[in-house]
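There are 2 protein chains.
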Amino acid sequence: MNQSTERVSFELLRTDGDARRGRLSTPHGTIETPVFMPVGTQGSVKSLTTSQLAALGPGIILNNTYHLMLRPGVELLEQMGGVHKFIGWDRAILTDSGGFQIYSLAEIRKIREEGVEFRSHIDGSKHFLTPEKAVDLQVRMGVDIAMAFDECPAGGLPRAEVERSMELTHRWAARSLTMRRGRTSLFGIVQGGIHHDLRKRSVEALGELPFDGYAIGGLSVGEPKEAMLDTLRYTAPLLPRDRARYLMGVGTPEDLLDGVAAGVDMFDCVMPTRNARNGTLFTSQGKVQIRNARYKADDGPLDPACSCPTCSTVSRAYLRHLYVADEIAALVYNTIHNVSFYLDLMGQIRDSIESDSFGAFLRTFLERTSRSNTPGDTPVEREPFRE
Amino acid sequence: MNQSTERVSFELLRTDGDARRGRLSTPHGTIETPVFMPVGTQGSVKSLTTSQLAALGPGIILNNTYHLMLRPGVELLEQMGGVHKFIGWDRAILTDSGGFQIYSLAEIRKIREEGVEFRSHIDGSKHFLTPEKAVDLQVRMGVDIAMAFDECPAGGLPRAEVERSMELTHRWAARSLTMRRGRTSLFGIVQGGIHHDLRKRSVEALGELPFDGYAIGGLSVGEPKEAMLDTLRYTAPLLPRDRARYLMGVGTPEDLLDGVAAGVDMFDCVMPTRNARNGTLFTSQGKVQIRNARYKADDGPLDPACSCPTCSTVSRAYLRHLYVADEIAALVYNTIHNVSFYLDLMGQIRDSIESDSFGAFLRTFLERTSRSNTPGDTPVEREPFRE
């Protein structure tokens with residue numbers, strides 16, 4: 183474990199079209215990109231112990247500042263030696279800044295130039311978060327990568343509103359940077375809705391600031407899928423070539439492929455863990471609704487192409503039984519598989535970029551999964567992905 | 183793994199007072215006794231994957247015929263190659279016969295000489311279970327040890343009712359034996375409430391039948407604790423010396439010690455797994471209610487004397503955070519520890535019998551746990567233990 187790095191550094195190893203194969207060095211290890219970061223909102227990737235998660239191999243996970251500041255509190259985390267030590271995780275951690283969660287979860291809020299006032303969704307207590315404080319909290323938790331504090335407007339707002347919000351995010355970005363210190367890196371978040379010119383201005387404004395990496399925010403927030411893809415494909419290639427690019431809170435396996443194709447290096451999404459709890463499982467042959475009666479007597483593995491602890495030890499029939507019988511172990515087995523599926527997919531994507539065959543991989547993947555999605559298996563719904 | 187044994191055989195290795203150190207050979211491995219069997223009612227020890235459970239070392243677990251016959255169904259289990267293969271468990275399995283569960287869980291029932299009619303607690307469907315059918319189901323599931331089908335009267339019934347019920351259980355015991363076959367062993371269940379003479383008659387009646395082992399049923403069903411202990415201490419030594427003795431559905435760590443002192447070899451109880459889910463954790467220093475605010479900033483292990491995967495990787499503070507934040511991982515970590523605690527306790531008991539120091543171990547254990555139960559940690563309630 184490399185513990186000596188000062189902040190992160192990104193090395194671009196190879197490209198295949200716009201797709202990028204890179205390497206991100208962090209104070210808690212080196213991460214091969216493109217990478218998927220499992221989401222551990224409250225300091226736990228839901229349903230898994232830290233050891234179970236570690237065995238699946240991710241080099242970096244995501245935690246949420248919003249949740250952790252409310253419970254157990256950043257002061258406690260400092261007292262416990264930082265969030266890594268508290269949760270027993272010695273690899274890298276990225277935290278979302280709290281911006282998105284305040285807009286989507288908190289009960290009441292007032293947005294001012296200085297910051298955002300909100301009430302906790304847990305106990306209604308009142309809090310005030312500024313760009314400076316959001317970064318300070320992340321630095322004090324000892325995370326490897328902190329995110330700037332942004333305003334994340336809902337999809338479908340009038341352009342003038344999106345523009346006003348974006349300008350605020352830019353001013354907050356500069357203020358966020360004043361609190362970066364120690365080994366914690368800081369990524370800026372590009373906004374601008376689905377408007378090309380706004381996205382371009384946002385990239386330019388943030389590109390003038392010395393962020394350690396750049397994220398694309400404000401996608402998958404209710405806009406049409408085509409607008410999301412169009413914005414992604416337009417924006418990603420504009421980002422600084424020598425920094426990691428992170429597409430926040432997206433998405434389905436197909437979305438990850440689209441993101442990589444557009445030049446994105448980092449992803450996070452609650453989809454694999456949340457869908458696992460809903461019994462929707464990703465496989466090399468498409469999605470499986472494990473509660474479906476057709477799996478009742480199916481003694482084959484969930485995904486014959488998968489070697490995760492679930493697929494190598496139990497059958498679809500047993501997974502269905504556990505799910506239907508409301509056993510907690512169903513959530514554990516399902517989560518192990520879905521997280522493995524996402525991590526394996528990223529590994530395959532990295533391999534394909536290295537062999538200049540990403541385009542072929544993308545086509546084969548889409549063809550295989552769309553062909554074999556059986557009619558009874560309802561498709562995964564699009565959900566609010568950035569938890 | 184010894185797969186060749188025909189049915190079980192019990193070897194009594196050593197005694198220390200009435201306490202017995204023995205060895206039970208089964209078609210799925212040899213079990214050192216006294217032994218605790220974690221309860222996996224529906225084919226899953228709640229909150230754990232089969233691999234997680236196996237890593238904790240139990241040589242035998244309990245499943246319930248009642249639950250498995252309703253879901254996923256014995257026909258399916260046969261089709262899947264038996265319950266061991268279905269759940270991915272290659273060590274021994276004992277099944278309760280369904281008698282107790284019908285009385286405590288099913289919706290409507292009619293008890294006749296022939297058997298019991300009941301409605302499923304899951305979907306209200308009607309079922310009829312006889313002694314022959316209960317054993318046949320267990321044999322078809324391929325379990326190592328089946329239990330005879332008994333009637334388990336509630337505590338506090340008039341003596342005449344207890345006697346009538348006991349006589350029925352004796353007739354059902356003989357009928358149960360007619361369906362024993364293959365490698366599945368069959369244990370008889372002694373009844374008789376809290377009446378010494380009835381218990382003696384029950385032991386004599388069942389002792390004349392060629393069961394592979396004997397269980398004490400009908401305890402911890404609402405009778406006063408002292409009556410339970412008195413009946414246990416009277417009944418256990420009466421049982422055949424050359425067969426394994428199993429105290430069903432009991433109990434607290436202190437109950438296990440009392441049971442061993444009376445000469446019991448086998449135990450099962452939902453307490454470690456159920457209490458784990460309620461946040462009540464057993465430690466070498468007494469019980470811990472992990473939600474208690476006193477553990478908020480406690481960075482020590484849950485039990486300093488324990489080397490389970492929970493105690494060796496995370497702190498009380500993190501366990502409290504996970505529990506308070508309703509994280510599924512809390513249930514997993516807690517269950518890992520409580521099951522480990524029960525298994526470790528049995529190992530210590532076996533060691534103490536081998537060194538002729540069980541009495542001293544018993545006294546030290548009771549003194550240590552009672553002394554250090556702190557006032558804020560409410561005691562574990564007595565629950566219906568035989569799930």
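Residue numbers (our numbering), protein chains in the order written: chain A, 183 to 569; chain B, 183 to 569. Built from N, CA and C at the ideal position, the CB exists for glycine as well.
Taking the alpha carbon of residue i as the point to measure from, which residue in the options has its own alpha carbon closest?
{"i": "Ala387 of chain A", "options": "A:His266, A:Arg353 and A:Lys407", "result": "A:Arg353"}
{"i": "Tyr505 of chain A", "options": "A:Leu527, A:Asn460, A:Asp481 and A:His210", "result": "A:Asn460"}
{"i": "Asp394 of chain A", "options": "A:Arg196, A:Ala201, A:Leu206 and A:Thr197", "result": "A:Leu206"}
{"i": "Pro422 of chain B", "options": "B:Asp450, B:Ala487 and B:Glu390", "result": "B:Glu390"}
{"i": "Asp447 of chain A", "options": "A:Pro392, A:Met430, A:Glu509 and A:Gln283", "result": "A:Met430"}
{"i": "Gln467 of chain B", "options": "B:Arg425, B:Gly529, B:Leu484 and B:Pro419", "result": "B:Leu484"}
{"i": "Val221 of chain A", "options": "A:Gly211, A:Pro406, A:Ser233 and A:Pro454", "result": "A:Pro454"}
{"i": "Val317 of chain B", "options": "B:Ser307, B:Ala355, B:Glu257 and B:His378", "result": "B:Ala355"}
{"i": "Met410 of chain A", "options": "A:Val470, A:Gly337, A:Ala237 and A:Ala458", "result": "A:Gly337"}
{"i": "Ser489 of chain A", "options": "A:Ile472, A:Ala507 and A:His519", "result": "A:His519"}
{"i": "Phe192 of chain A", "options": "A:Asn245, A:Ile327, A:Gly281 and A:Gly404", "result": "A:Ile327"}
{"i": "Ser385 of chain B", "options": "B:Ile376, B:Val372 and B:Glu289", "result": "The sequence given here has Val at residue 385 of chain B, not Ser. That would be B:Val372, whose Cα lies nearest to the Cα of Val385 of chain B."}
{"i": "Arg253 of chain B", "options": "B:Gly263, B:Lys228, B:Asp272 and B:Gln224", "result": "B:Gln224"}
{"i": "Arg202 of chain B", "options": "B:Thr212, B:Met262, B:Ala444 and B:Glu188", "result": "B:Ala444"}
{"i": "Ile531 of chain A", "options": "A:Asp480, A:Asp440, A:Leu311 and A:Leu350", "result": "A:Asp440"}
{"i": "Trp271 of chain A", "options": "A:Gln234, A:Val344 and A:Ala458", "result": "A:Gln234"}
{"i": "Ile510 of chain B", "options": "A:Ser302, A:Leu276 and A:Arg456", "result": "A:Arg456"}
{"i": "Tyr515 of chain A", "options": "A:Val190, A:Ser229, A:Thr215 and A:Ala330", "result": "A:Ser229"}
{"i": "Arg365 of chain A", "options": "A:Gly375, A:Phe331 and A:Leu276", "result": "A:Leu276"}
{"i": "Gly239 of chain B", "options": "B:Leu250, B:Glu260, B:Ile213 and B:Tyr248", "result": "B:Ile213"}
{"i": "Gly211 of chain A", "options": "A:Ala274, A:Glu536, A:Lys478 and A:Gln320", "result": "A:Ala274"}
{"i": "Gly241 of chain A", "options": "A:Thr215, A:Gly324, A:Thr231 and A:Leu258", "result": "A:Thr215"}
{"i": "Asp379 of chain B", "options": "B:Arg363, B:Phe369, B:Glu345 and B:Pro406", "result": "B:Glu345"}
{"i": "Ala397 of chain B", "options": "B:Ala418, B:Asp412, B:Glu405 and B:Thr413", "result": "B:Ala418"}
{"i": "Tyr416 of chain B", "options": "B:Arg301, B:Thr208 and B:Lys382", "result": "B:Lys382"}
{"i": "Glu408 of chain A", "options": "A:Tyr428, A:Glu436 and A:Val256", "result": "A:Glu436"}
Sorry if obvious, but does the Cβ on residue i come closer than 6 Å to a heavy atom of the ligand ATP?
{"i": "Val221 of chain B", "result": "Absence of the ligand ATP from the depicted structure is noted, as is the absence of any ligand whatsoever, leaving it without description."}
Residues of chain A with CB closer than 9 Å to the CB of residue i, please, in chain order.
{"i": "Thr231 of chain B", "result": "Gln234, Pro491, Thr492, Thr495, Val496, Ala511, Val514, Tyr515 and Ile518"}
So which residues on chain B does residue i lean against when the C-beta distance must stay under 8 Å?
{"i": "Leu258 of chain A", "result": "Lys478, Ala479 and Ala499"}
What does DSSP give as the partner residues of residue i in its beta bridges?
{"i": "Ile243 of chain A", "result": "A:Ile275"}
{"i": "Thr212 of chain B", "result": "B:Ser207"}
{"i": "Glu299 of chain B", "result": "B:Lys292 and B:Phe310"}
{"i": "Ser191 of chain B", "result": "B:Ser207"}
{"i": "Arg341 of chain B", "result": "Bridge partners of Arg341 of chain B: none, in fact."}
{"i": "Met329 of chain A", "result": "A:Phe369"}
{"i": "Ala201 of chain B", "result": "B:Asp198"}
{"i": "Ile398 of chain B", "result": "B:Val372 and B:Leu429"}
{"i": "Phe218 of chain B", "result": "B:Phe449"}
{"i": "Gln471 of chain B", "result": "B:Thr462"}
Name the chain A residues that come within less than 7 Å of residue i, Cβ to Cβ?
{"i": "Thr507 of chain B", "result": "Going by the sequence as given, residue 507 of chain B is Ala instead of Thr. Within 7 Å Cβ-Cβ: Gln224 and Arg253."}
{"i": "Leu238 of chain B", "result": "In chain order: nothing, as chain A lies at least about 13 Å away."}
{"i": "Leu504 of chain B", "result": "Ser226"}
Pull out every residue of the segment 462-496 of chain B whose Cβ sits closer than 9 Å to any Cβ of chain A, in chain order. Lys478, Ala479, Asp481, Pro491, Thr492, Thr495 and Val496
Relative to chain B, which residues along the segment 210-228 of chain A have a C-beta separation below 7 Å, given in chain order? Gln224, Gly225, Ser226 and Lys228
With 7 Å as the limit, tell me which residues of the segment 383-399 of chain A have their beta carbon closer than that to any beta carbon of chain B; keep them in chain order. none
Which runs of the alpha helix (DSSP H) spanning at least 4 residues fall entirely within the segment 493-535 of chain B, listed in chain order? 498-506
Extract the residue ranges of the alpha helix (DSSP H) inside the segment 345-392 of chain A, only unbroken runs of 4 or more that lie entirely within it. 378-389
If the cut-off is 9 Å on Cβ atoms, which residues from the segment 258-275 of chain A count as contacting chain B, listed in chain order? Leu258, Gln261, Met262, Gly263, Lys267, Phe268, Ile269 and Gly270
Taking a Cβ distance cut-off of 9 Å, strictly less, list which residues of the segment 426-445 of chain B are near chain A, in chain order. none
Quick one: complete beta strand (DSSP E) runs, 3+ long, within the segment 408-463 of chain B? 426-429 and 448-450
Below 8 Å between beta carbons is the criterion; list the residues of the segment 534-550 of chain B that meet it against any residue of chain A, in chain order. none
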